[in-house]
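Chemist: Pasting a structure here, questions to come.
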Amino acid sequence: MADSRSEEEGEDVSLRMAGQRLAERLRGLLDEEDGSDRRLVVLHYHGSFCPVGLHHMTVLERVREAVSEEERVLAAVLTVTHDNSMRKKLRPGERVAATHREAMLRLAFPANDVIVDATLSSQPRNRGAAWYQSFLRDVVGGVRPGEVDVVGVCGADAVPKMRNALKSGHRWVCVVNRDLPSGTDRAAVEALLGSPPPTLRVVRLPPSHLSSTLIRGDIDRHRDALPPGVYEYHRTHGIVYQPRYEAPEVVASEKKSIPFALAGDLLGRGRQAAVWRATAR
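Heads up: the sequence shown runs through residues 7 to 287, numbered per the numbering used here.
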């Protein structure tokens, strides 16, 4: 009981410190404000980002433009899916640790007003994106009470899970730029997007075939779809994906065919992908 209480107290202290650091970043951005009378907004963009691609940058840019028509975006806060959740979403050979995904996000979004926050990913257990949004709203409310809104960013595939969030009055921007996954209640989603509630804004973009799944399938072929520095980060840190079209049974001699993998250890293998700890060229 004492150990459990001690762990909870440690988590509380860690969260307070994380909130203070985030609040300091936001206050610094407020100091740079241009005096506009438009209402301020902090965007929250959550995802796997495995890896981050130019399509993620396009989504955030278009959302900024849409929101900025009437309000001013103070900052965009980016969070990655917790490693525990990634174990359920992707096979061992496809997923990359949160610390690497966050580092690549910082390379992709170097601007001062884009904050990559590790508070969610660093929790001992997966608390979920909804928990983080509540945490973020508390932080933002403490920086400038009642004057800054938090707006979540999601894709259309997330809409079926958002009904309770939309009813709660929290604001969202839904980006529609690809077909809905199989198994989705398309009629229900389209009905909601066609006549969205006041808390939901829909931003429709030209259809895009690009995805992180496609990039993982052949990172060399799609390296131009990666933000500057992200491909090189893979090389430096020995993160290599086996192309999806190759057989999952990879023997030592086949390592020669995997780009920039020299003599590293196999970190994990799924039915469609494998990751090697490689020595960079």
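C-beta: ideal position from N, C-alpha, C; glycine also. Here the structure is a predicted model, which is why all the values come from computation and not from measurement.
DSSP beta-bridge partners for histidine 52?
Modeler: In the DSSP output, where bridge partners are listed per residue, histidine 52 has Thr85.
Chemist: Smallest Cα separation from glycine 310: which of Gln26, Pro203, Asp18?
Modeler: Here the chain has residues from 7 to 287 only, and residue 310 is not among them.
Chemist: Apart from the five residues just before and just after arginine 31, which ones in its own chain have a Cβ nearer than 7 Å to its Cβ?
Modeler: Taken in chain order, the residues that qualify are Ile121.
Chemist: Rounded to whole angstroms, what is the Cα-Cα separation between methionine 23 and alanine 29?
Modeler: Rounded to the nearest angstrom, the two C-alpha atoms are 10 Å apart.
Chemist: Taking contact to mean 3 or more Cβ pairs, one atom from each stretch, closer than 8 Å, check whether the segment 145-159 and the segment 37-49 are in contact.
Modeler: Short answer: they touch.
Chemist: Where does arginine 210 fall in DSSP's three states?
Modeler: Reduced to three states, the DSSP call for arginine 210 is strand.
Chemist: Among all the DSSP beta bridges, which residues are the ones paired with tryptophan 178?
Modeler: The partner list for tryptophan 178 (beta bridge, DSSP) reads Gly158, Leu206.
Chemist: Locate the alpha helix (DSSP H) running through isoleucine 221, then write down its first and last residues.
Modeler: Where isoleucine 221 is concerned, the enclosing alpha helix (DSSP H) stretches over 218-223.
Chemist: Looking at the structure shown, is leucine 46 part of a helix, part of a strand, or coil, going by DSSP?
Modeler: Of the three classes helix, strand and coil, the one that applies to leucine 46 here is strand, per DSSP.
Chemist: If alanine 109 sits next to tyrosine 239, beta carbons under 8 Å apart, how far is it from one beta carbon to the other, in whole angstroms?
Modeler: About 7 Å separates the two Cβ atoms, so the contact holds.
Chemist: What whole-angstrom Cβ distance do leucine 216 and valine 165 have, given they're in contact under 8 Å?
Modeler: Leucine 216 to valine 165, Cβ: 21 Å. No contact.
Chemist: Could you check what DSSP says for leucine 80 in three-state terms: helix, strand or coil?
Modeler: If DSSP states are grouped into helix, strand and coil, leucine 80 belongs with the strands.
Chemist: According to DSSP, simplified to helix, strand and coil, what is valine 120?
Modeler: Strand.
Chemist: For histidine 88, which of Asp119, Val236, Trp137 has the nearest alpha-carbon?
Modeler: When each option's Cα is compared against that of histidine 88, the closest is Trp137.
Chemist: May I have the straight-line CA-CA distance separating aspartate 18 from tyrosine 237, to the nearest angstrom?
Modeler: Taking the straight line from one Cα to the other gives about 37 Å.
Chemist: Exposed or buried, which one is proline 57 when buried takes at least 16 other CB atoms within 10 Å?
Modeler: The residue in question, proline 57, is buried, as its Cβ has 16 or more Cβ neighbours within 10 Å.
Chemist: Figure out for me which residue from Arg143, Ser140, Arg150, Ala193 has the closest Cα to the Cα of aspartate 163.
Modeler: Ranking the options by Cα distance to aspartate 163, first place goes to Ala193.
Chemist: Whose CA, out of Arg184, Leu66, Arg33, lies closest to the CA of valine 159?
Modeler: Residue Leu66 is the option with its Cα nearest to valine 159.
Chemist: Excluding the 5 residues flanking arginine 184 on each side, which residues of the same chain have their C-beta closer than 7 Å to its C-beta?
Modeler: So the list reads Pro213, Ser214, once near-sequence residues are dropped.
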